[in-house]
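Below you can see the structure in the form of structure tokens.
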């Protein structure tokens, strides 16, 4: 099918650009850092906690050889670790279980932790999120909440409500373009959000009608993303209203015959064609 590429005015300054580990999740962290730097990205996110049972992730214990290797790559490539992922806050969540993960991430310079809300009890969810923010703060980190259509925290408004309800200075909203637009979000929602509330933006694109079932939503999120500007979402309108304090990254898993090197370069070039 024919796709369209949106453009934004040249006067919009180009933000620094990061890349999420999910974009090449089969690549171990140290190599991912090097590939990201070679492609032109200035920061990375790393998957240090499983997003769901059986999901790929990488352990980087404090003081381990793997951690030292990642640190050396970050320093040597002149690239930073922005965030780590991915934590699901469910009914049985206990923030303390993440202490060692946050400690290791902090030692590598990570600034944020990405989470989603999967607890239907809103009061308990807010309390769990606040407790995690408190724990993260002891390591100099913040926590970003992301909406997903198949979970109780399904919309941008949901994330905003929980983050505000937590009353934590290091709490923030993560706007993932796919989940944001597929679940009713519009660019003006970003521009009208309270200042400093949106801390992170993840760019990608999609094609075709929005999925309507949970299984379809999960499938699109994992295998149906495209590079920004190569689909049908109004990505350019989102880029126009990017908060100055928000970090911008790209999250598009490989779903072609491209090598990880080729894929990351493709994502960088496509995104820069939009952002300048």
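Residue numbers (our numbering): -8 to 267. Glycine residues also receive a C-beta, built at the ideal position from the N, C-alpha and C atoms.
Local Cβ density within 10 Å of residue i, reported as buried at 16 or more and exposed below that
| i | result |
| --- | --- |
| residue 63 | exposed |
| residue 40 | buried |
| residue 44 | exposed |
| residue 200 | exposed |
| residue 142 | buried |
| residue 111 | exposed |
| residue 59 | exposed |
| residue 149 | buried |
| residue 69 | exposed |
| residue 85 | exposed |
| residue 234 | buried |
| residue 87 | exposed |
| residue 67 | exposed |
| residue 34 | buried |
| residue 71 | buried |
| residue 114 | exposed |
| residue 184 | buried |
| residue 176 | buried |
Reduced DSSP category for residue i - H, G, I as helix; E, B as strand; rest coil
| i | result |
| --- | --- |
| residue 130 | coil |
| residue 39 | coil |
| residue 113 | helix |
| residue 102 | coil |
| residue 17 | coil |
| residue 84 | coil |
Close Cβ partners of residue i (< 8 Å) along its chain, the five nearest in sequence each way excluded
| i | result |
| --- | --- |
| residue 257 | 218 and 249 |
| residue 161 | 124, 127, 128, 132, 133 and 134 |
| residue 14 | 241, 242, 243, 244, 245, 254, 255 and 258 |
Cut-off 6 Å between Cβ atoms - residues of its own chain near residue i, not counting five sequence neighbours on either side
| i | result |
| --- | --- |
| residue 246 | 214 |
| residue 178 | 228, 229 and 232 |
| residue 171 | 147 |
| residue 135 | 103, 105, 163, 165, 190 and 191 |
| residue 75 | 37, 39, 96, 101 and 104 |
| residue 241 | 10, 194, 258 and 262 |
| residue 303 | No statement about residue 303 is possible, as the shown extent of the chain runs from -8 to 267 and does not include it. |
| residue 205 | 141 |
| residue 57 | 51 |
Spatial neighbours of residue i in its chain, beta-carbon cut-off 7 Å, leaving aside the 5 residues before and after
| i | result |
| --- | --- |
| residue 157 | 117, 120, 121 and 124 |
| residue 46 | none |
| residue 61 | 20, 21, 24, 51 and 99 |
| residue 187 | 236 |
| residue 226 | -3, 168, 194, 196, 219, 220 and 265 |
| residue 130 | 93, 94 and 97 |
| residue 154 | 136, 162, 163, 164 and 188 |
One or two residues paired with residue i in a DSSP bridge
| i | result |
| --- | --- |
| residue 107 | 79 and 137 |
| residue 10 | 35 and 241 |
Contact test: residue i Cβ vs the ligand MN heavy atom, cutoff 6 Å
| i | result |
| --- | --- |
| residue 104 | This structure lacks the ligand MN, and indeed carries no ligand of any kind. |
Enumerate, from N- to C-terminal direction, the unbroken beta strand (DSSP E) stretches of 3 or more residues contained entirely within the segment 126 to 180. 133 to 137 and 162 to 167
Runs of alpha helix (DSSP H) lying entirely within the segment 19 to 82, each at least 4 residues, in chain order: Considered as a whole, the segment 19 to 82 harbours 20 to 30 and 56 to 68 as its complete alpha helix (DSSP H) runs of no fewer than 4 residues, in chain order.
Can you give, in chain order, each stretch of the alpha helix (DSSP H) that sits fully within the segment 174 to 258 and has at least 4 residues? 178 to 183, 205 to 214 and 226 to 231
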